[in-house]
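Right, one structure below, let's go through it.
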Amino acid sequence: MVKKNEKQLIEQRKDDHLEICCSDKYDIEMSVSNGFEDILFVPRAVPEINFDKISIESKFLGHNFSSPIFLSSMTGGVHEAKSMNEKIARVAEKLQIGMGVGSQRAALLDPSLVDTFSVVREVAPTAFIAANIGAVQLNYNVTFKQIKKVVEMIKADALILHLNPLQEVVQPEGDRNFDKLLPKIATLSKELDCPIIAKEVGSGIAIEDGNALIEAGVQAIDVAGAGGTSWAKIEAVRAQQQMKLTNQKIGELFGNWGLSTAVSTLEISKLSENVEIIASGGIRNGLEAAKALSLKANLVGMALPIAQILKDGTEIQLIESITLFIQELKTAMFLVGAINLEALRSVPLAIVGKTAQWLSARGFE
Ligand SMILES: Cc1cc2nc3c(=O)[nH]c(=O)nc-3n(C[C@H](O)[C@H](O)[C@H](O)COP(=O)(O)O)c2cc1C
C-alpha cells in the first residue's frame with residue numbers, strides 16, 4: 000500500500016469531515032444540550048416597542064454587521080470545498096454578516112488549494128472574513144511568516160486560532176503537543192497586523208483560559224461550547240473506519256465533553272470589558288441566539304446547519320434559513336421589550352437548573 004504524505008492526509012481528513020457531517024448515517028451531534036434551556040427571559044405583556052423598529056445591527060472588532068451572525072469556520076483545503084466556501088461568502092456579503100474559513104493548513108502545503116480559500120474574498124469584498132489555523136500548529140513548525148500568509152491569502156479581517164485538544168487526541172493522526180502555546184500566541188499577537196480570535200471547536204472555554212488568552216493578546220473569543228457538533232464523535236467515526244479501536248473508544252467516551260455554550264458564554268462574559276465574544280456551539284435558532292446575546296455575546300455562530308443546507312442546497316435556501324433565524328431573534332427581542340442589542344443585554348434573566356448550579360459551584364454570582 001502506498002503511504003499518504005502529510006498533504007494528502009490533510010485533504011483526506013477534510014473530505015472525511017464534510018462527508019461524515021453531511022451524512023444521515025452518523026450521529027455526530029452531542030446528546031447534551033447547549034444549556035440555553037436554563038436561561039429564561041422574563042416575558043413582557045407590555046413590551047412598549049414597535050416590532051418594525053427593532054434593530055439588530057452590531058459591531059464586531061470594529062466592523063459593522065447588519066445582524067450579529069457569524070457563519071463559523073468549516074471548510075476549504077479540498078477541491079470540493081471551493082464551491083461551499085464561495086456560496087457561504089456570497090451569502091455573508093449579501094447579508095453583511097461574517098464568516099470564517101476552515102483551517103488553511105492544507106493550502107500552506109499545497110498551493111493548488113489556495114483558491115478554495117481565496118475565492119471568499121473575491122466574492123465577498125466587504126464582509127468580515129476570518130482566516131483559520133490550529134493554534135497547536137505553532138508547535139509543529141508552522142512559522143509566523145506562514146500564519147501571515149494565511150491571513151493575506153484571503154485578506155482577512157481577523158485570524159482565528161482554533162484550540163481543539165480533544166479532537167487532536169481522538170484523531171488517529173492528531174497533533175498532541177499543546178505545551179507552551181500561550182507564549183507563542185503572545186508573540187504572534189504582537190507581530191500580526193490583524194486581531195486574533197481564539198476559538199474552541201465544541202468544548203467551550205472557561206474564564207481561566209479566557210483570561211490567559213486575553214493576556215496573550217487575543218482580542219476576541221469564540222466559545223464554541225458543548226451542545227452541538229461533537230468533534231470527538233466525528234473523529235471516533237473516522238477511527239472506526241481506520242480500525243483504530245483505542246481512538247474510537249476514547250472519542251465515544253468523550254463525545255459530550257465540555258462546558259455547555261450557555262455556561263461558557265456566561266464565564267467569558269465576566270471578561271467582556273476586555274474581549275469581544277462569539278457564542279457558538281449548538282445554536283440552532285434565533286431564540287437561543289437572543290439568549291446568548293443577552294449574556295453579552297457580540298455575535299452568535301453556527302457551523303453544522305450551514306454545511307447540511309449547502310451540501311445539496313442552494314444559497315437561496317441558506318438565505319431563507321438565516322432570514323427565519325433573524326425573525327426568531329427579533330421576535331424574542333420584541334417579547335422582552337428590547338429595541339436593540341444593547342437593550343437586550345440589560346433585560347432581566349432567570350438562570351436555573353444545571354447552569355445555575357454550575358455558576359454557584361464555581362463561586363460566580
Ligand atoms: C464540517 C465542519 C468542519 C469544521 N472545520 C473547522 C475548522 O477547520 N476550523 C475550526 O476552527 N472549526 C471547524 N469546525 C468547527 C465549527 O467552526 C464550530 O466551532 C463547531 O462545529 C460548533 O458549532 P456547531 O455546533 O454550530 O456546528 C468545523 C465544523 C464543521 C461542521
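Going by numbering that gives the first Met the number 0, the first residue of the sequence shown is number 0, and it counts up by one from there. From the three backbone atoms N, C-alpha and C, an ideal C-beta is built for every residue, glycine too. Computed from a predicted structure; not experimentally measured.
Where does residue 191 sit, in a helix, a strand or coil, going by DSSP?
coil
Every unbroken beta strand (DSSP E) inside the region 157-229 [3 residues or more]
157-161, 195-198 and 219-221
Once the 5 residues before and after residue 172 are set aside, which same chain residues still bring their CB inside 8 Å of it?
8 and 12
On a Cα-Cα basis, can you pick out the residue from 98, 236, 284 and 228 that is closest to residue 62?
98
How close, in whole Å, do the beta carbons of residue 337 and residue 346 come, if the pair is a contact with beta carbons under 8 Å?
6 Å
Alpha carbon to alpha carbon, how far is residue 10 from residue 1? Give it in angstroms, no decimals.
With a pLDDT of only 47 at residue 1, under 50, the local geometry of the prediction cannot be trusted, and the value read off the model is given with reservation. For residue 1 and residue 10, the distance between alpha carbons rounds to 16 Å.
Neighbour-count burial assignment, residue 341, 16 or more Cβ in a 10 Å radius:
exposed
Do residue 195 and residue 160 have their C-beta atoms within less than 7 Å of each other?
yes
Alpha helix (DSSP H) containing residue 13: first to last residue?
5-20
With a CB to CB cut of under 6 Å and the five nearest residues on each side skipped, what residues in its chain are close to residue 334?
42
Is any non-hydrogen atom of ligand 1 found closer than 6 Å to the C-beta of residue 436, if you look at the structure I gave you?
This structure leaves residue 436 out entirely; the chain is present only between 0 and 364.
Can you tell me which of the three DSSP states residue 0 falls into?
Bear in mind that a pLDDT of 43 at residue 0, under 50, signals an unreliable position, so the number given afterwards is only what the model happens to contain. Looking at residue 0 - three-state DSSP - the assignment turns out to be coil, as it is neither helix nor strand.
Regarding residue 223 and ligand 1, is the C-beta to nearest heavy atom distance less than 6 Å?
yes
DSSP three-state label for residue 351, please.
coil
Could you pull out every residue in the same chain whose Cβ sits closer than 8 Å to the Cβ of residue 306, ignoring the five residues on either side in sequence?
17, 20, 21, 73, 74 and 83
Among the candidates 111, 287 and 332, whose CA atom is the shortest distance from the CA of residue 44?
332
If you reduce the DSSP assignment to three classes, tell me which class residue 243 lands in.
coil
Taking all protein chains shown into account, decide if residue 50 is buried (16 or more other Cβ within 10 angstroms of its Cβ) or exposed.
exposed
Bridge partners for residue 278 per DSSP, in chain order?
299
The region 179-187 touching the region 234-243, judged by at least three CB pairs closer than 8 Å
no
Can you check DSSP and say which residues form a bridge with residue 28?
228
Since residue 93 is in the alpha helix (DSSP H), which residue starts that stretch and which ends it?
80-94
Cα-Cα separation between residue 153 and residue 292, rounded to whole angstroms
28 Å
In the DSSP assignment, find the unbroken beta strand (DSSP E) run with residue 129 in it and report its ends.
127-133
For residue 249 and residue 371, believed in contact at Cβ under 8 Å, the rounded distance:
Since the first and last residues shown for the chain are 0 and 364, residue 371 lies out of range.
At the level of alpha carbons, what is the spacing between residue 203 and residue 256?
9 Å
So which of 138, 197 and 69 has the shortest CA-CA distance to residue 126?
69
Under 7 Å between the Cβ atoms of residue 102 and residue 132?
yes
Proximity to residue 105 [Cα-Cα], best of 78, 85, 89 and 92
78
Between 107, 200, 67 and 112, which has its C-alpha nearest residue 81's C-alpha?
112
Once you ignore the five residues that flank residue 348 on each side, which residues in its own chain have a CB closer than 7 Å to its CB?
38, 39, 40 and 293
Taking 7 Å as the threshold (C-beta atoms), are residue 71 and residue 279 in contact?
yes
Residue 48 to residue 57, Cα distance in whole Å?
19 Å
Would you kindly work out how many angstroms separate the C-alpha atoms of residue 67 and residue 86, rounded to a whole number?
19 Å
So, for residue 286: in the same chain, excluding its five sequence neighbours on each side, which residues have a beta-carbon less than 7 Å away from its beta-carbon?
327 and 331
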